[in-house]
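Q:
Protein chains in written order, with my numbering: chain G, 77 to 570; chain E, 6 to 296; chain Z, 80 to 154.
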């Protein structure tokens, strides 16, 4: 009797699991590669078969951001349907992503077949020969070179992923600027405009100078208090225990005061003013004091906010203006499920000190952070040919528009002209147009091979300035001295 | 002789596993600690550095600070846990209505993984969202922001540890109290000793082995705390809760300073061994005195 | 356990312990080697911090070696 029951139970279980796995297999198959047409599908299939990649699983790691999630949820299943290659993309926190990727590549374990390479870390990776030369790999495997893939179609952002000889090491998957967002409904409210003009003697507008930014922040914080609103004047990405605050200061705030490249002199690798650097220059100190001063006009969660919380605070309508990573601009402006400020998001260039805009225009400076990343292929990967197909797949022109709409990122010129993108552009106060026209005013991180090592040394001082343990001037003096010492330690400058 | 060989044979698998998972990594760390090795420095690969890493360590303010901070944290939280735990254990020895229910509820934090404890406390303390800042502000007018005020952060971390581990202390002490012979206590009462005298001269000495064992276990745990604190404050604000475990993590993982980080962790191992050994000796002395 | 009148049962509890050394606790050879190593590391660290600018680290090593011999033989 018991045996009989067991057999029945087992039978049911087996049946159930078969049905389940059948479903799992059916799901991707039911989404027949939305972006690609019939003819192309056969090319991918042939290529996949010729490299005997069918049934292979490739693994990647990326930060959990809107663009990466789109790659995981939409592009990966479509790619699998076309090629029979399964893509497992692990999306995790930014810190975790780096730790796992670097540990894997350093140890040569080969867990990951493709990794997210942010623009600022590429020099570290190249110096350690972590990455496969994609130009070379494509040339060596002409049968795997898709007719729809061409490095020349990308914007100049791809230059970030080239070595000195012009070889390419990553296929750009996202690029955006850290932009100044403000609340259209508040800035355009006649009553508010009147109150502001009465108090400050000039018209309310998105800030073009730091003083104006601070006035706006002060005004809206007061406005929130007076009207019993959960509203503050600005966001601050001021987490006192996370690298995000270091980045906001050195890549978004300091440049608007004319302090570039983290204040490090790349002629002699020095940070202190005494040694020819600029990390503790007067302009840098002014910038830090300004930014730390903004905390009193920021929501209380500011000192625990990374880029994610900043976007969330703005989307929750808790701030009137702020520096927000552009990858979030589209969903904040258009997704009513996650954002309370849909349709009320204004986009502008950040405020700058005198002379900075001119310096940015002639290329000697920049006004903010042009961020982005690519997917690269670690040398330790055991499925390089199959991964190459995946990298080409995500680098097709045809997949770009939907991706741009989902993640407000653009890596090809042609994407700007797509009707889908233009539709969202209208809803986001022309964020995409601004990125296209004014993008050159922004710049990525300086090409430091010691990027994260130096960041770890400098950031505690920024945190201490934010928590009020140190004054802005002391924090930067100590940070610059520590940076000088660490650079020598790392073998840069003497 | 034969029984001796048998003993070794029985021990062999354990020793082999210990060698592979414990001793070999230790030797590797010892080896790496003698090199300058940061894949992102100007010199690629490992550069022989002899004891230079240790030389740097004894002057490294951030390291020494975090060591001192860890000691302070361990001392404060274990003291609180011990006093609170003892008090509760004394209460729980007696019978009162609802005792079983209370006991069950009380040990619930124990079954939570540290990372979940950290996440729970993070949710409780996020300004504008968590209940703790809300009620502190509403009832007492306290501006509670973990990201801004170092003292609050340190205190909260201690509280979290106390919340998580006092049940463990209570349970262990309770076992000790229950196993304690009743006669000496009754005799003392007959002889007219007051409660304090009974506690000071009978309960404490009789409980000494249990107490020392609990201190031993809790101290070791507190000294290597990482996950809960990292989840709650990630070591901030500034470095106010950057205990030694988090400090080493930052040096080895994001900063990829493998050589220096290895030396650092070995030094911490050294301090831990010394501390363990002292406690062990104290335990042994107590045991001898009892004989 | 032992009957008071029977010396055979009381007497043989003679461990091979040496007379107690200058260390405050009872130790065996392994303990003393362990203490020597612990002391060596500790002294070297303190030496690097406070004395190395005047006397090289070899000083600490020699000192600790002497100390170790003393502890192992007389501790």
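All C-beta atoms, glycine included, are put in the ideal place defined by N, C-alpha and C.
In this text the structure is predicted, and so the values were computed from the model without any measurement.
Assign residue 239/E to one of two classes, buried (16 or more other C-beta atoms within 10 Å of its C-beta) or exposed (fewer than that).
A: Taking the first residue of the second chain as 1, we reach residue 239/E at position 234. The residue is buried, with at least 16 neighbouring Cβ atoms inside 10 Å.
Q: Out of 107/Z, 104/Z, 115/Z, 105/Z, point me to the one whose CA is closest to residue 150/Z's CA.
A: Residue numbering aside, residue 150/Z sits at position 71 when the third chain is read from its first letter. If we check each option's Cα against that of residue 150/Z, 115/Z comes out closest.
Q: Which residues bound the alpha helix (DSSP H) around residue 81/E?
A: In the second chain, counting from the first residue as 1, residue 81/E sits at position 76. 66-98 is the span of the alpha helix (DSSP H), which, as asked, contains residue 81/E.
Q: At what residues does the alpha helix (DSSP H) containing residue 332/G begin and finish?
A: Along the first chain, one-based indexing puts residue 332/G at 256. No alpha helix (DSSP H) holds residue 332/G; DSSP gives it neither H nor E.
Q: To the nearest angstrom, how far is the alpha carbon of residue 143/G from that of residue 485/G?
A: Position 67 of the first chain holds residue 143/G. Position 409 of the first chain holds residue 485/G. Looking at the two C-alpha atoms, the distance is approximately 7 Å.
Q: Does the Cβ-Cβ distance between residue 496/G and residue 521/G come in under 9 Å?
A: As a first step, residue 496/G is located in the first chain; it is residue number 420 there, counting from the start. As a first step, residue 521/G is located in the first chain; it is residue number 445 there, counting from the start. Contact flag unset, no.
Q: What separation, rounded to the nearest whole angstrom, lies between the Cα atoms of residue 282/G and residue 259/G?
A: Position 206 of the first chain, counted from the start, is the residue given in the question as residue 282/G. Position 183 of the first chain, counted from the start, is the residue given in the question as residue 259/G. Approximately 9 Å between the Cα atoms of the pair.
Q: Please name the residue, chosen from 157/G, 472/G, 554/G, 159/G, that lies closest to residue 571/G on a Cα-to-Cα basis.
A: Shown here, chain G extends from 77 to 570; a query on residue 571/G therefore has no answer.
Q: With H, G and I counted as helix, E and B as strand and the rest as coil, what does DSSP make of residue 401/G?
A: Reading the first chain from its first residue, position 325 is the one you call residue 401/G. Strand.
Q: I need the DSSP call for residue 9/E, collapsed to helix, strand or coil.
A: Here residue 9/E corresponds to residue number 4 of the second chain, with the count starting at 1. Helix at residue 9/E.
Q: Do residue 510/G and residue 255/G come within 9 Å of each other at the CB atom, strictly closer than that value?
A: Here residue 255/G is taken as the residue at index 179 of the first chain, counted from 1. Here residue 510/G is taken as the residue at index 434 of the first chain, counted from 1. Contact flag set, yes.
Q: Can you name, in chain order, every residue of its own chain whose Cβ lies under 8 Å from the Cβ of residue 208/G, other than the five neighbours on each side?
A: Position 132 of the first chain, counted from the first residue, corresponds to residue 208/G. 245, 452, 453, 454, 455, 457, 460, listed in sequence order.
Q: Along the segment 339-363 of chain G, where does the CB come closer than 8 Å to a CB of chain E? Name the residues.
A: For the segment 339-363 of chain G, which is checked against every Cβ of chain E, not one residue is closer than 8 Å.
Q: For residue 185/G, which residues in the same chain have their Cβ closer than 7 Å to its Cβ, ignoring the five residues on either side in sequence?
A: Against the first chain, residue 185/G aligns to sequence position 109. Result list for residue 185/G: 456, in chain order.
Q: Which residues of chain E have a Cβ atom closer than 8 Å to the Cβ of residue 384/G, listed in chain order?
A: Here residue 384/G corresponds to residue number 308 of the first chain, with the count starting at 1. Going along chain E, no residue has its Cβ under 8 Å from residue 384/G, so there is no contact; the nearest lies around 13 Å.
Q: Check this for me: beta carbons of residue 112/E and residue 174/E, under 9 Å apart or not?
A: Counted from its first residue, the second chain places residue 112/E at position 107. Counted from its first residue, the second chain places residue 174/E at position 169. No, these two residues do not count as a Cβ contact at 9 Å.
Q: Following the continuous alpha helix (DSSP H) through residue 394/G, name the residue where it begins and the one where it ends.
A: Locating residue 394/G in the first chain gives position 318, where the first residue counts as 1. Here residue 394/G belongs to no alpha helix (DSSP H), and DSSP marks it neither H nor E.
Q: Answer yes if the segment 487-494 of chain G comes into contact with the segment 164-175 of chain G, meaning at least three C-beta pairs across the two stretches below 8 Å, and no otherwise.
A: Touching, no, given that fewer than three Cβ pairs across the two stretches are closer than 8 Å.
Q: Cα separation between residue 77/E and residue 418/G?
A: For the purposes of this step, residue 77/E is identified with residue 72 of the second chain, where counting begins at 1. For the purposes of this step, residue 418/G is identified with residue 342 of the first chain, where counting begins at 1. Going by the C-alpha atoms only, they are around 49 Å apart.
Q: Using the beta-carbon of each residue, which ones in chain Z are nearer than 7 Å to residue 275/E?
A: By one-based count along the second chain, residue 275/E stands at place 270. Going along chain Z in sequence order, the residues near residue 275/E (Cβ under 7 Å) are 120.
Q: Quick one: residues in its chain with C-beta nearer than 8 Å to the C-beta of residue 251/E, no 5 flanking neighbours on either side, listed in chain order?
A: Residue numbering aside, residue 251/E sits at position 246 when the second chain is read from its first letter. Contacts found: 71, 231, 234, 235, 239, 240.
Q: Please name the residue or residues paired with residue 308/G in a DSSP beta bridge.
A: Here residue 308/G is taken as the residue at index 232 of the first chain, counted from 1. Answer is 395/G.
Q: Distance check for residue 75/E and residue 216/E, CA to CA, integer angstroms please.
A: Against the second chain, residue 216/E aligns to sequence position 211. Against the second chain, residue 75/E aligns to sequence position 70. If I take the Cα positions, the gap works out to 21 Å.
Q: From residue 208/E to residue 93/E, what does the alpha carbon distance come to, in whole angstroms?
A: Within the second chain, numbered from 1, the residue matching residue 208/E stands at position 203. Within the second chain, numbered from 1, the residue matching residue 93/E stands at position 88. Taking the straight line joining both Cα atoms gives about 15 Å.
Q: Tell me which residues of the segment 147-171 of chain E have at least one Cβ-Cβ distance to chain G shorter than 7 Å, keeping chain order.
A: Taking 7 Å as the Cβ-Cβ cut-off against chain G, the residues of the segment 147-171 of chain E that qualify are 150, 151, 152, 153, 155.
Q: Express the C-alpha separation of residue 296/G and residue 445/G in angstroms, rounding to a whole number.
A: As a working note, residue 445/G is residue 369 in the first chain. As a working note, residue 296/G is residue 220 in the first chain. For residue 445/G and residue 296/G, the distance between alpha carbons rounds to 26 Å.
Q: Is the Cβ of residue 272/E closer than 9 Å to any Cβ of chain Z?
A: The residue labelled residue 272/E in the question sits at position 267 within the second chain. Chain Z contact via Cβ: present.
Q: Going along chain G in order, which residues have a C-beta closer than 7 Å to the C-beta of residue 131/E?
A: Counting from 1 along the second chain, the entry for residue 131/E is found at position 126. Those are 377, 380, listed as they occur along chain G.
Q: Of the choices 247/G, 123/G, 440/G, whose alpha-carbon is the least far from that of residue 227/G?
A: As a position in the first chain, residue 227/G is number 151, starting the count at 1. Residue 247/G is the option with its Cα nearest to residue 227/G.
Q: Could you check whether the Cβ of residue 194/G sits closer than 9 Å to any Cβ belonging to chain E?
A: Taking the first chain and counting its residues from 1, the one referred to as residue 194/G is at position 118. No, because no Cβ of chain E sits closer than 9 Å to the Cβ of residue 194/G.
Q: Anyone know if the C-beta pair for residue 504/G and residue 432/G falls short of 9 Å?
A: What you label residue 504/G is simply residue 428 of the first chain in a count that begins at 1. What you label residue 432/G is simply residue 356 of the first chain in a count that begins at 1. No, Cβ-Cβ distance for residue 504/G and residue 432/G is not below 9 Å.
Q: What is the C-beta distance between residue 86/E and residue 13/E, in whole angstroms, given that I count them as a contact (C-beta under 8 Å)?
A: In the second chain, counting from the first residue as 1, residue 86/E sits at position 81. In the second chain, counting from the first residue as 1, residue 13/E sits at position 8. Actually they do not touch by this definition, with Cβ atoms about 40 Å apart.
Q: Got a sec: is the Cβ-Cβ distance from residue 120/G to anything in chain E below 9 Å?
A: Your numbering for residue 120/G matches position 44 in the first chain. No, no contact with chain E.
Q: Under 9 Å between the Cβ atoms of residue 324/G and residue 312/G?
A: Counted from its first residue, the first chain places residue 324/G at position 248. Counted from its first residue, the first chain places residue 312/G at position 236. Going by C-beta atoms, residue 324/G is nearer than 9 Å to residue 312/G.
Q: According to DSSP, is residue 204/G helix, strand or coil?
A: Working through the first chain from its first residue, we reach residue 204/G at position 128. If DSSP states are grouped into helix, strand and coil, residue 204/G belongs with coil.
Q: Output the boundary residues of the beta strand (DSSP E) element that contains residue 256/G.
A: Here residue 256/G refers to the residue found at position 180 of the first chain. Residue 256/G -> beta strand (DSSP E) spans 247-259.
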